[in-house]
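Reading through the structure tokens given below for one structure.
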Amino acid sequence: MEQAVSSAASDLLLSVDVLGTTFIREVYQSLGRVLQPIFFTMLILYVIWWGFSLMTGRSSLSPIEAMERLLRAVVIYWLATSWGAFSGTIYVAIQSIPDVVGSRIMAGIALATGRPAYTDVLHALDMVYAASIRIAGQIYIGSVMDGLAGLLSALVIVFSVAFLGIAIASVFAAKFFLQIIVAMGPLWIVLALFKYSSRYTDGFRTIVVRLLIQQVLIFAFLGFYSSIIGLAIGAMEIPASADVTLGISHIMPLLLAEAVGCYLLLQVPGIARTVASGTVMVASRYDAGTVNPINSLFRTGTQRVTMLAGQTDDAMRNIQRETARNATVRL
161 MEQAVSSAAS DLLLSVDVLG TTFIREVYQS LGRVLQPIFF TMLILYVIWW
211 GFSLMTGRSS LSPIEAMERL LRAVVIYWLA TSWGAFSGTI YVAIQSIPDV
261 VGSRIMAGIA LATGRPAYTD VLHALDMVYA ASIRIAGQIY IGSVMDGLAG
311 LLSALVIVFS VAFLGIAIAS VFAAKFFLQI IVAMGPLWIV LALFKYSSRY
361 TDGFRTIVVR LLIQQVLIFA FLGFYSSIIG LAIGAMEIPA SADVTLGISH
411 IMPLLLAEAV GCYLLLQVPG IARTVASGTV MVASRYDAGT VNPINSLFRT
461 GTQRVTMLAG QTDDAMRNIQ RETARNATVR L
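Numbering (the working numbering), first residue to last: 161 to 491.
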């Protein structure tokens, strides 16, 4: 039972990897077979258009450029129709980079702090899951009269479920959407043959890079933050004779660490979007809720002052025109 409890988080994410690999392989190979005649048709049209452009003088092509185009067509066909070529190059990198980054960060933190390191991020999530259940059981022993202890135990469970839920959901969502998009890889790769349709291939490459960066950032964050939660859990050895105040003082570091972790995890998609696209990160809803009313109030006040100033200027100009008109009448 302890083994089942301690590996619940990692088993869930590992099942996504196993099922995802099978799903991607089957869909990729099926699309590759379907797209083979379509690719040859597109290649014939490509050569015809290429020859027509050369004959009519619409484009000039050197032998080196011709070799580059032919080589690109061969590479496109090779990647779009061969699962072995794709899985041995791109897919292996997509699957291994986040795990390697998280493991290296955890090993570096363990070396710097002298604390034992977990093998990877998934085992660190298992540690948080198992420790939360164990600590909740230590706080509340099942007494009906001990209502406050039951409340503290419920707080530990709620905060731990929130942190683990957001962490697992973030990893799950990034893996899930990446697997769906990569499974349709042959379609996006074939579109790179023509210049007009290559923009869809660029979009495919951009979203894959963004989801990969999101996974890397999540694993890097969890690899670093798991050490902080580990310190909070290590400080929660509640003695059997501890009163309620001592119990609260012991669980507060864990609750604060998990609450801050939930907020930071919600910022990861925006950071990944910024890194992948180079655009400025959009403020979160919390920031928008606190900053936008102030900005709106400032803009409203500024508009009112500007309106009053404009009305004053109009009044002065009217007075000047009226004075000049009266002077003209007298003359």
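Even glycine gets a Cβ: it sits at the ideal position worked out from N, Cα and C.
In this structure, the beta-carbon distance from Leu424 to Ala392 does not fall below 8 Å. The beta carbon of Ile326 sits closer than 6 Å to those of Cys422, Leu425, all from its chain and outside the five residues before and after it, given in chain order.
Within the same chain, and ignoring the five residues on either side of Leu324 in sequence, the residues whose Cβ sits closer than 7 Å to its Cβ are Ala169, Leu285, Val288, Tyr289. Residue environment: Tyr356 is assigned as exposed (fewer than 16 neighbouring CB atoms within 10 Å of its CB, all protein chains considered). With contacts defined by Cβ atoms closer than 8 Å, Val428 and Phe332 do not form a contacting pair. Rounded to whole angstroms, the Cβ separation of Val261 and Phe379 is 6 Å, and the two are in contact under 8 Å. If you look at Tyr360, you'll find it in the alpha helix (DSSP H) that goes 358–394. Just measuring C-alpha positions, the residue of Gln339, Ser387, Leu382 sitting nearest Phe364 is Gln339.
Contact between Val321 and Phe199 does not hold, since the beta-carbon distance rounds to 49 Å and is not under 8 Å. Non-local C-beta neighbours of Ala291 in its own chain, meaning closer than 6 Å and more than five positions away in sequence, comprise Ile393, ordered along the chain. In summary, Phe212 is exposed, with fewer than 16 beta-carbon neighbours lying within 10 Å of its beta-carbon over all protein chains present. In this structure, the straight-line span from the alpha carbon of Ala352 to that of Ser409 is close to 60 Å. The count of Cβ pairs closer than 8 Å, one atom from the stretch 177–196 and one from the stretch 240–258, reaches three, so the stretches are in contact. Rounded to whole angstroms, Ile224 and Leu230 show a C-alpha spacing of 10 Å. For Met344, there is no enclosing alpha helix (DSSP H), as DSSP gives it neither H nor E. Counting along the chain, Thr241 sits inside the alpha helix (DSSP H) bounded by residues 223–241. Cβ contact annotation for Ser263 (same chain, cutoff 8 Å, sequence separation greater than five): Thr279, Asp280, Val281, Gly383, in chain order.
For Ala284, the enclosing alpha helix (DSSP H) has its first and last residue at 281–299. For Tyr188, the CB contacts under 7 Å within the same chain, skipping 5 residues up- and downstream, are Trp243, Phe246, Ala343, Gly345, Pro346 in chain order. The C-beta of Gly390 has 16 or more other C-beta atoms within 10 Å across all chains shown, which makes the residue buried. Bounds of the alpha helix (DSSP H) holding Ala168 are 168–215. DSSP, read as helix, strand or coil, puts Lys355 in coil. For Ile411, same chain residues with a beta-carbon under 8 Å away, outside a window of 5 residues either side, are Ile295, Ile299, Leu312, Leu315, Val316, Met396 in chain order. For Ser256, the secondary structure class from DSSP, reduced to helix, strand or coil, is helix.
Here Ser222 is exposed: its Cβ has fewer than 16 other Cβ atoms, across all protein chains shown, within 10 Å. Annotated as distal: Gln375 and Ala329, with beta-carbon spacing of 8 Å or more.
When secondary structure is reduced to three states using DSSP, Arg433 falls in the helix class. Annotated as distal: Arg359 and Ala436, with beta-carbon spacing of 8 Å or more. For Leu214, the number of other beta carbons within 10 angstroms of its own is below 16, and it is reported as exposed. Comparing alpha-carbon positions, the option among Glu228, Ala240, Trp209, Tyr206 lying closest to Arg193 turns out to be Ala240.
It is roughly 15 Å from the alpha-carbon of Arg218 to the alpha-carbon of Ala226. Tyr206 and Ile341 have their C-alpha atoms roughly 26 Å apart.
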